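Peer 1: Throughout the sequence shown, residue numbering follows the working numbering, covering 1 to 480 in sequence.
I'd like to ask you about the structure that follows.
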Amino acid sequence: MSENGLTIALVIGSCVLVTGAGALIALHYGRRAKTSEDWIVGGRALPLRVVVFSQFATASGGGVLVAHVGIGYAWGWSVLLYELACMIGFLLLAVLANWLRRQEFDTVPQILTRLFGRDRRLIAIAALCTVVVPFGWLATQFVAFARLFSQITGVPLPTLIMVMAVASLLFVLPGGLLSVAWSDYIFGVFMLVVTVFVVAYALYMVGGWDGITASVPAELWSPGSITLVGWETIVLWAFAIIPGTLTNQLYYQRVFAAKEVGQVRTGLVVSGLMMLIAGVYAGILGLAARAMGADFTVGERELAAGWFIGQLPLWVMLIFAGFLVATIVSTTSSALHSVVTNLVRDLYQGVRGGARPERELVRMSRALTVVVTVTAAALAVAFPKALDWLVATYAYSAASLAVPVFAGFALRDRMRLTPGVAVTTMLGGMAGCAAAQLAGTTVPYAVYGMGASLICMAAALAATRVSNRSGRDRAPAAHE
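This is the structure we're talking about:
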């Protein structure tokens, strides 16, 4: 076997070892899943450490591994602002955290039915707006994994996509969130340790921080580089990431599943702070790649991560390969579980109505897990370059859900909220988002969508008050 062939074999072996270990963990904890509540919200028994590290593992997907290293390569410490926007989203979500956990929700649409009242139209629209984001994550993470490891191993993209699809099934099928969260916890700890190790090794390779400062322009590593990407881009990041974080069901599900109500807010705060660690990792690796002689244009910056991996000695590459697999499979398994949860709890139970036997719900969850995985993998194989439209759904989800969830929470004890108000608010957000996208706005069109959503909510609430007042005026007096 040639040296290159041996390297490829060892990298594949490292990936198989890490995936196999994670699958065994998922199987062990998945055996505890007996009911649909175990499958969907982990029996609401996840300890704080599991909530924190599984949030970290889920949030630190292929974006941090590839795109964010590219940001660090091109604009230095500006990458920290990207992670800061994510952290702010976690902190804002913490405002609702204790209330969310006390209500014992399973999904985001259930929040809206509690605030506005039960209505099949509301549930169906909210479920579709919720499910598009994790499904988009699932398909695009399949492609991200395939592209990254195709560079390293030379294995064709379709084969690698199918490999990641099977790996994701191994983590979800045993027990839903019970198996996903506990395996994510172990992977999250592993990822944190390897993140620190890789950062330290990258600095060692370039001669420490002095090696970076001697080889890289000061504008990239000085404190002033935090805004090097430009204020327009910083504003775009803030308006895109914060609303997206606030409406992403993957983060809500860890809140719903926490064992202690009093620890939910702490878990979100700590998870948000840990995202800054991911930013430091991406910044150091990007700067180290520059110091080692990588030469890419701004448009090619995402190649920096793959280039850096190719410079590592074999033993470090093997550790890093395992780290990459752990990171991506954590995101794909969480996204897959979230999609299935919406399909079962909202579209099947919520829209269809009626109680169903627990065994039937668990069997359906497992069957839908396979169906969703096959569908996402097929799309990823057939349209690997056309999946960007799925990312655009992130904006539509935020535009339609952020206002009814947060404004509804703020107004829940002050005004009469009806299902019609929620439906009008969500549809207004979608329409505003679509109009802004068609107009080619520079500010993320999710912002315009949320503005339209807020206006529609105000109009719907005003119409409801007028209707209620008219009804009272027409009602006969008691003495009549």
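All residues carry an ideal CB built from backbone N, CA and C; glycine is no exception.
Predicted, not measured: the structure shown is a model, and the values here were computed from it.
Could you name the residues of the same chain whose beta carbon sits closer than 6 Å to that of V339, not counting the 5 residues immediately before and after it, in chain order?
Peer 2: Excluding positions up to five away in sequence, the list reads V131, P134, F135 and V372.
Peer 1: Would you mind working out which of G72, L24 and R31 sits nearest L303, comparing C-alpha positions?
Peer 2: G72
Peer 1: Answer with yes or no whether the minimum CB distance from F149 to chain B is below 8 Å.
Peer 2: Going by chain labels, chain B is absent from the structure shown, which holds only one protein chain.
Peer 1: When you compare each of A124, A33, T159 and T19 to G353 by their alpha carbons, which one comes out closest?
Peer 2: A124
Peer 1: Taking Cβ positions, are V189 and H337 nearer each other than 8 Å?
Peer 2: no
Peer 1: Could you check whether C129 and S397 sit closer than 8 Å to each other, using their CB atoms as the reference points?
Peer 2: Cβ distance < 8 Å, so S397 and C129 count as in contact.
Peer 1: Just checking my contact of A255 with V264 at CB under 8 Å: how many whole Å lie between their CB atoms?
Peer 2: For the sequence presented, residue 255 should be read as Val rather than Ala. Their Cβ separation, rounded to whole angstroms, is 5 Å, which keeps V255 and V264 in contact under 8 Å.
Peer 1: What residues are listed by DSSP as bridge partners for A258?
Peer 2: L46
Peer 1: Taking its Cβ as the centre, do 16 or more other Cβ atoms sit within 10 Å of E480, making it buried, or is it exposed?
Peer 2: With a pLDDT of only 38 at E480, under 50, the local geometry of the prediction cannot be trusted, and the value read off the model is given with reservation. Result: exposed.
Peer 1: Just to confirm, is the Cβ distance from A288 to I212 under 8 Å?
Peer 2: yes
Peer 1: The alpha helix (DSSP H) spanning V166 covers which residue range?
Peer 2: L157 to V172
Peer 1: Could you have a look at S222 and say whether DSSP puts it in helix, strand or coil?
Peer 2: S222 falls in the coil class under three-state DSSP.
Peer 1: Determine the direct distance from the alpha carbon of V16 to that of A378, and round the result to whole angstroms.
Peer 2: 22 Å
Peer 1: Can you find the residues in the same chain that come closer than 7 Å, C-beta to C-beta, to A452, ignoring five residues on each side of it along the sequence?
Peer 2: Residues G428, G429, A431 and G432 of the same chain have their beta carbon placed closer than 7 Å to that of A452, with the five preceding and five following residues left out of the count.
Peer 1: For A38, count the other beta carbons within 10 Å of its own beta carbon; 16 or more makes it buried, fewer makes it exposed. Which is it?
Peer 2: At residue 38 the sequence reads Asp, which differs from the Ala that was named. The residue in question, D38, is buried, as its Cβ has 16 or more Cβ neighbours within 10 Å.
Peer 1: Which residues in the same chain as G272 place their Cβ atom closer than 6 Å to its Cβ, once the five residues preceding and following it in sequence are excluded?
Peer 2: M87, F90 and L91
Peer 1: What would DSSP say about A291, mapped onto helix, strand or coil?
Peer 2: helix
Peer 1: For the stretch 347-432, which segments carrying the alpha helix (DSSP H) assignment without a break, of at least 4 residues, lie completely within its bounds, in sequence order?
Peer 2: 358-382 and 388-411
Peer 1: Considering only heavy atoms of the ligand NAP, does any lie closer than 7 Å to the CB of F323?
Peer 2: What this structure holds is no ligand at all, so the ligand NAP is not there to describe.
Peer 1: Can you check whether the CB of A282 is closer than 8 Å to the CB of H68?
Peer 2: yes
Peer 1: Which of helix, strand or coil does DSSP assign to V269?
Peer 2: helix
Peer 1: Give a yes or no on whether the C-beta atoms belonging to F142 and A380 are separated by under 8 Å.
Peer 2: yes
Peer 1: Tell me, to the nearest whole angstrom, how far the beta carbon of V41 is from that of Q253; I am working on the premise that it is less than 8 Å.
Peer 2: Indeed, because the Cβ distance is near 7 Å, the residues count as touching under 8 Å.
Peer 1: So A335 and L138 are supposed to be a Cβ contact under 8 Å. How far apart are they, rounded?
Peer 2: 4 Å
Peer 1: Determine, using beta carbons only, whether T245 and L93 come nearer to each other than 8 Å.
Peer 2: Cβ distance < 8 Å, so T245 and L93 count as in contact.
Peer 1: I309 and F323: beta carbons closer than 8 Å?
Peer 2: no
Peer 1: In whole angstroms, give me the CA-to-CA distance for G70 and G299.
Peer 2: Inter-residue distance for G70 and G299 is about 9 Å (C-alpha atoms, whole angstroms).
Peer 1: Look at the Cβ atom of A59, then the Cβ atom of M275, and state whether they are nearer than 8 Å.
Peer 2: Yes, Cβ-Cβ distance for A59 and M275 is below 8 Å.
Peer 1: Sort Y448, M415, G76 and G22 by Cα distance to G117 and report the nearest one.
Peer 2: Taking only the C-alpha atoms, the option nearest G117 is M415.
Peer 1: If distances are taken between C-alpha atoms only, which option among L343, L312, F383 and T375 comes closest to L361?
Peer 2: L343
Peer 1: Between G30 and L169, which are expected to be in contact by the criterion C-beta below 8 Å, what is the C-beta distance as a whole number of angstroms?
Peer 2: Rounded, the Cβ-Cβ distance is 12 Å, inconsistent with contact.
Peer 1: Could you tell me which of G224, P243 and L285 sits nearest to Y204, measuring between CA atoms?
Peer 2: Selected option, being the one with the closest Cα: L285.
Peer 1: Distance check for L318 and L10, CA to CA, integer angstroms please.
Peer 2: Going from the Cα of L10 to the Cα of L318 covers about 7 Å.
Peer 1: Would you report the Cα separation of L228 and L220, rounded to the nearest angstrom?
Peer 2: 8 Å
Peer 1: Out of curiosity, what's the CA-to-CA distance linking S14 and Q110?
Peer 2: 41 Å
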